[in-house]
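Going letter by letter, the sequence shown gives residues 23 to 457 in the numbering used here.
Beta carbons: idealized from backbone N, C-alpha and C, even for Gly.
Only one structure is covered here, and it is reproduced in the block below.
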Amino acid sequence: MFKQIRDLFRRTEPEKENLELSVDDLPGWLDAREEEIALGLLSATAPSREAITGTLKHLREVVARMETADADEAVHPRLRDISKKALPQFTKSMTQILSREPSGDPEAFYSTSAETLKSALKVLKGQGKYLSAPYPDEMKEVRTAVRDLGREINAMTEAIARARTDRQQVEDTRKTYELLIRVREEYVAASGQVREYETAIEEAERKIREAEADIAALRLRPDYARKQEVEERIRELDALDEEAGREIAALRTPAIHVFRKAEKAAEKSGDGETATAIGRALDACTGGLPGDEGARVDQIEAVMPAVLAMIRREDLLLKNQEEVRLFSDPETLPAGIRRVLCRQREVQEQRAALQETHAALPGVVDERRLTAALAELQRERETKAAARARAENQREISQASYAEERKSLLSRAAALAGGEVTVDVPDLPPLSSRP
């Protein structure tokens, strides 16, 4: 097949035949084009390479003759003396420069020849400028040979530039082809991921429906009613606990107000011991009564006689009926607080026992397990949905890129062929089909 492709480039008919290639033919076609470019460069530069080889050989001969040549006697003695010093340096430098024989492919040959020319010109402008008069014939031959060398190198420059341009076209076309194939593979991979995630999402949704059905069936079981009963009783106990909290607040608020005034009154009268005791009772109220509630209430009860005495002496005035009720005797306030705290403690103990019972109920255990499983399935579905969206986005990007690279490939192939070319680049597989 490669031979047939190469033959297409070698035809000499004035009208180029349309090339019809499949996308799979492109790598071989590009290889054949590269080979054709290399052969064309070899052929185009053959005369110059032959001429350069001959010119360098002639230069070597001229330089060798100059080593033993006699200077023109008509030259001014001073210039003749200068030339005697310049000649050995000139011949030595030129001999060293000309010792490299250009070889290899045309570009390697060209590189060596161009370097030789550059060095030779430098020597001509250096020591050579002193030798034109003493050695006119020899230097004329040298300059002519160097000029011939430059002309042939310039000819090679044009051919090599054309070959490099053509090779760059091949390389650009090859890169576009490789990119097209890679984009197609990315599209196919993304499409496969979309299908895989869709399957995973469908499976997760099926399991979610099953879990929801299991939870619904669980709530119809006879033992589930016991769970609801326990929960209702816990809610009732929570309401009683809140009610007790409100009752404690109703007792504590007026007590705090009275104790603060009593503490100031004791301090004012110079009774530091009573003021300290009332301060502890005030801390018992403001710091919260739950905890070591017995000790806290004892602190309140301990200062009641002193506070009542202040009230009787009118050192402490009560502002409303609630304060009057709570501080009419030493028992009403502490007894009321003890009673409410006791009731609250009983409620909380009952609630704790019911909470343990609730946690151990089969319906609760099963519901907790099923609910956790349902939440995990829902998270999995969301994760897969996000992954599917990313894969769909990648597929869309690849689809757009494929169309762009396909157009670029057709354009580059046509430019490279130097005429019309038809490359059969297949469409991307449909979204619903397997790659």
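Strand pairing of residue i, partner residues [DSSP]
i, result
"V445", "L43"
DSSP state of residue i mapped onto helix, strand, coil
i, result
"N176", "helix"
"S125", "coil"
"Y157", "coil"
"G294", "helix"
"L202", "helix"
"P352", "coil"
"P276", "helix"
"L242", "coil"
"E323", "helix"
"A130", "helix"
"P452", "coil"
"G148", "coil"
"E463", "This structure does not reach residue 463, given that the chain is present from 23 up to 457, and the question cannot be answered."
"G309", "coil"
Inter-residue spacing [alpha-carbon to alpha-carbon] between residue i and residue j
i, j, result
"E193", "L48", "12 Å"
"Q400", "I230", "7 Å"
"V346", "D263", "27 Å"
"L202", "L242", "60 Å"
"E398", "E371", "35 Å"
"F131", "S65", "14 Å"
"D170", "E83", "15 Å"
"E368", "A272", "20 Å"
"R417", "A408", "14 Å"
"S455", "N415", "Residue placement at S455 cannot be trusted, given a pLDDT of 41 that sits under 50; the coordinates are not used to answer."
"Y199", "R186", "20 Å"
"E208", "A413", "10 Å"
"Y246", "A394", "18 Å"
"D293", "A266", "35 Å"
"E353", "A233", "60 Å"
"A235", "A411", "29 Å"
"L143", "R184", "26 Å"
"L330", "F349", "7 Å"
"E89", "Q149", "14 Å"
"E58", "A211", "37 Å"
"R373", "A381", "12 Å"
"S291", "R257", "51 Å"
"L338", "V386", "57 Å"
"E227", "R403", "7 Å"
"R255", "I419", "60 Å"
Where the alpha helix (DSSP H) through residue i begins and ends
i, result
"A418", "Reading the sequence as shown, one finds Glu at residue 418 and not Ala. It spans P384 to A439 - the alpha helix (DSSP H) in which E418 sits, taken as one unbroken run."
"L64", "L48 to M88"
"L348", "Q343 to L348"
Beta carbon proximity, residue i to chain B, threshold 7 Å
i, result
"I256", "Included in the structure is just one protein chain, with no chain B present."
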